[in-house]
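Encoded as structure tokens, the structure appears first; notes follow it.
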């Protein structure tokens, strides 16, 4: 009987945050994710012994975890969290307020009422001046404790009595509570590596790996290969060091073999970045399988592909080298990463498995087995889920375990069950758009590569230096070759720590020169980053009375409207789809007007979608909503759910869609009192899945004064 084999590969990775010269960790994210994700993601499998999975562990991340576990990591963020609040200096207090709210507010900050209070107080007083005028000792200590507890794994939040008591206490923490929080951190992090070793030894988990410091291997081998996947791209001076690519692979292979007692069969090349030259190196070093994205498969085969091409393994062969290759289902992997966090856990798990069964129906009917590769970041998505995604994972794993036609297997187990198709070459690309544009080609990226090349050439030119200094310089080069620095350069991604990433990258390069006994070039003192452009929000300034016809009839009809322009950059995870470009909104005192401008090309995807407009107003605040559906290039109002029924029939929602979506809704129907204010959100749904939301967090606000009052 034909069978569906699910291959989950969870990629566990953080950049190398340690400065080798000072020994100091410049950012805390390896520690935070070790608290929240690494242990719990593998530990949950104990509840589902029939669910087998692959975990991809990046060695440079694991050595950081080990230093935290042994207490040897020097982390200013942890030191500040553990310092008695009474002894905090004013700069340390400012540091707390700037850096200790970096968590997803809906699921990680507001889950703890006191943490939410402190967040709102800090936000309300941002820029007021000295931190000592904002909080007292107790507020700082509560922030120190709760900002850490929010990252504790669900396993400890729910089952560890001491952690449960700390959370239940909620506020007014003592110095003893603060010390206990620190002790628990070290205990949790110390359990990470043993948990993976135990799961691997049992056979339930396969450990694969990535080049040691997470470089984009094809670009190390020859940076000009980027022009193959993107002809005409502007490139920096050629970087060609295949020996570094080999070294990164050898170090990773050796690390996993030493730590887990067996050589890794599998390689997830950083960011799924592949080329024939990389496959040759991986095969020579001893890897037996690798993986990348379905987009790379499409470009390799030179045609659009369906699931029948994706849901099977391949055997790449060139001369006397060979590798098995699987290609991730890009769409399904992104559903876990970006969509299901906004759904009920049961509905999300059911939707995911229904899609897999539908995709596999033809393959199963033909008498063949299906191998479904689901590959994604194993840590960053969960902060957007309720309870760190554990309810979703439990529901998903339970349903898989109960299905006799479906099994979750490791990649090696899946390859042993499904016969591969031949592959004579691989197109050079990554999992993002089957090219390398995220890491090379933009002005900032190219500056970063040129700095790296000059440091690498300085290393090549060094002579008569002690071996220890040469080794230190080379390790700093390997760190600087990591993909993470250029992830934050260029226009694609943003982070509250983007400036720190830039500083850390330039510090690693400067350390190369210091280790070689040379003065770092002056250029490394200047930021590579250019001006950051985020979201733009301009409040409404006057009444508007636009024509509801789906086109911008006149430039003047929306003058006075509020405007919200979406920041299209992603954060730690890439792949979120942006459908909306800008919102315009306003009122004439009697109606609420909303205009939605979509991203170029998104209009064609609007069929079968629906827009849900939610408005909160009144005292007490009550919520009303309107639903607009799109069909064959037109829009029509489908539903109007009022918080307070009107005396008569509500005024129908007016809407039109041609080039833009325009809507008009009666303010009385929405429960907005004359001259009052309202808050609103809009979300886009397709097939029961939330595809986009504006704003991503919170609400947009609008005053609805009578038209005569606007300019009074």
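In the working numbering, the protein residues as written are 4 to 715.
All C-beta atoms in this analysis are idealised placements derived from N, C-alpha and C, irrespective of residue type, glycine included.
Everything numeric in this text was worked out from a predicted model, so none of it was measured.
Exposed unless 16 or more other CB atoms sit within 10 angstroms - verdict on residue 449: That one is buried.
As assigned by DSSP and simplified to three states, the class of residue 343: The three-state reading of DSSP puts residue 343 in helix, counting H, G and I together.
4-residue-minimum alpha helix (DSSP H) runs that sit fully inside the segment 169-235, ordered along the chain: Entirely contained in the segment 169-235, the alpha helix (DSSP H) runs reaching 4 residues are, in chain order, 178-193, 195-205, 220-224, 229-232.
Rounded distance between the beta-carbons of residue 10 and residue 414, thought under 8 angstroms: Rounded, the Cβ-Cβ distance is 5 angstroms, consistent with contact.
CB of residue 116 within 9 angstroms of CB of residue 80, strictly: Taking 9 angstroms as the Cβ cut-off, residue 116 and residue 80 do not qualify as a contacting pair.
Whole-angstrom distance between residue 25 and residue 576, CA atom to CA atom: Confidence in residue 576 is poor, its pLDDT being 43 and thus under 50, which makes the residue's placement too unreliable to answer from.
Contacts around residue 392, its chain only, beta-carbon distance under 8 angstroms, and the 5 residues preceding and following it disregarded: The answer, listed in chain order, is 344, 384, 385.
Residues near residue 484 in its chain [Cβ-Cβ closer than 8 angstroms; skip 5 each side]: Residues of the same chain with a CB within less than 8 angstroms of the CB of residue 484, apart from the 5 flanking positions on each side, are 216, 218, 223, 247, 251, 455 in chain order.
Counted within 10 angstroms of its Cβ, other Cβ atoms place residue 4 as buried (16 or more) or exposed: Residue 4 should be labelled exposed.
Opening and closing residue of the alpha helix (DSSP H) in which residue 421 lies: First-last for residue 421: undefined, no H or E at that position.
Span separating the alpha-carbon of residue 501 from that of residue 20: Distance between the alpha carbons of residue 501 and residue 20: 13 angstroms.
For residue 575, the three-state DSSP class (helix, strand or coil): Reliability of the predicted coordinates at residue 575 is poor, the pLDDT of 44 falling under 50, and no value is obtained from them.
Top-ranked residue by Cα proximity to residue 233, from 543, 662, 430, 451: Among 543, 662, 430, 451, the Cα nearest to that of residue 233 is on 430.
Selected residue, minimal CA-CA separation from residue 594, among 503, 670, 239, 308: Ranking 503, 670, 239, 308 by Cα distance to residue 594 puts 670 first.
Closest Cα partner of residue 656 within the set 596, 202, 686: Nearest option by C-alpha distance: 596.
For residue 339 and residue 307, the rounded distance between their alpha carbons: Straight-line measurement puts the Cα of residue 339 at about 23 angstroms from the Cα of residue 307.
CA-to-CA distance, residue 299 to residue 226, given in whole angstroms: Each residue's alpha carbon lies about 18 angstroms from the other.
Residue ranges of each beta strand (DSSP E) within the segment 506-572, 3 or longer: Those beta strand (DSSP E) runs which fall completely within the segment 506-572 and span 3+ residues are 539-541, 565-568.
Distance, residue 275 Cα to residue 156 Cα: Cα to Cα, residue 156 sits roughly 28 angstroms from residue 275.
Whole-number beta carbon distance between residue 93 and residue 83, since they are thought to touch under 8 angstroms: No, residue 83 and residue 93 are not in contact; Cβ-Cβ is about 13 angstroms, not under 8 angstroms.
Coarse secondary structure for residue 66, derived from DSSP in three states: Residue 66: helix per DSSP, three-state reduction.
The segment 661-677 / the segment 616-624 touching (three or more Cβ pairs under 8 angstroms): In short, these stretches touch, since the Cβ pair count reaches three.
Close beta carbons around residue 138, own chain, < 6 angstroms, minus the five adjacent residues each side: If we look at residue 138 and ignore the five residues flanking it on each side, it has no Cβ neighbours.
Residue 735 (DSSP reduced to helix, strand or coil): Since the first residue shown for the chain is 4 and the last is 715, residue 735 is missing from the structure and cannot be characterised.
Unbroken alpha helix (DSSP H) run spanning residue 459, endpoints: Element bounds for residue 459: 446-464.
Own chain partners of residue 509 with C-beta closer than 6 angstroms, once the 5 adjacent residues on each side are dropped: For residue 509, where only same-chain residues beyond five positions count, the Cβ hits under 6 angstroms are 527.
Bridge partner(s) assigned by DSSP for residue 371: DSSP lists no partner for residue 371.
Contained beta strand (DSSP E) runs [length at least 3] in the segment 283-335, N- to C-terminal order: Correct list: 292-296, 317-321, 324-331.
Identified DSSP bridge partners for residue 376: In DSSP, residue 376 forms a bridge with 10.
For residue 518 and residue 87, the rounded distance between their alpha carbons: Looking at the two C-alpha atoms, the distance is approximately 37 angstroms.
Limits of the beta strand (DSSP E) - the one that residue 482 falls within: Element bounds for residue 482: not the beta strand (DSSP E) but the alpha helix (DSSP H), 470-483.
Element boundaries [alpha helix (DSSP H), containing residue 16]: Per DSSP, residue 16 belongs to no alpha helix (DSSP H) and is neither H nor E.
Cβ-Cβ distance between residue 507 and residue 53 below 9 angstroms: No, the pair does not count as a contact, with Cβ atoms beyond the cut-off.
Beta-carbon gap between residue 170 and residue 160 smaller than 9 angstroms: Contact check for residue 170 against residue 160 passes: the beta carbons are separated by less than 9 angstroms.
Contact check, residue 146 vs residue 118, beta carbons under 9 angstroms: Yes; because the gap between Cβ atoms is below 9 angstroms, this pair is in contact.
7 angstroms CB neighbourhood of residue 715 in its chain, flanking five on each side removed: For residue 715, the predicted model reports a pLDDT of 30, less than 50, meaning its position is unreliable and no value from the coordinates is stated.
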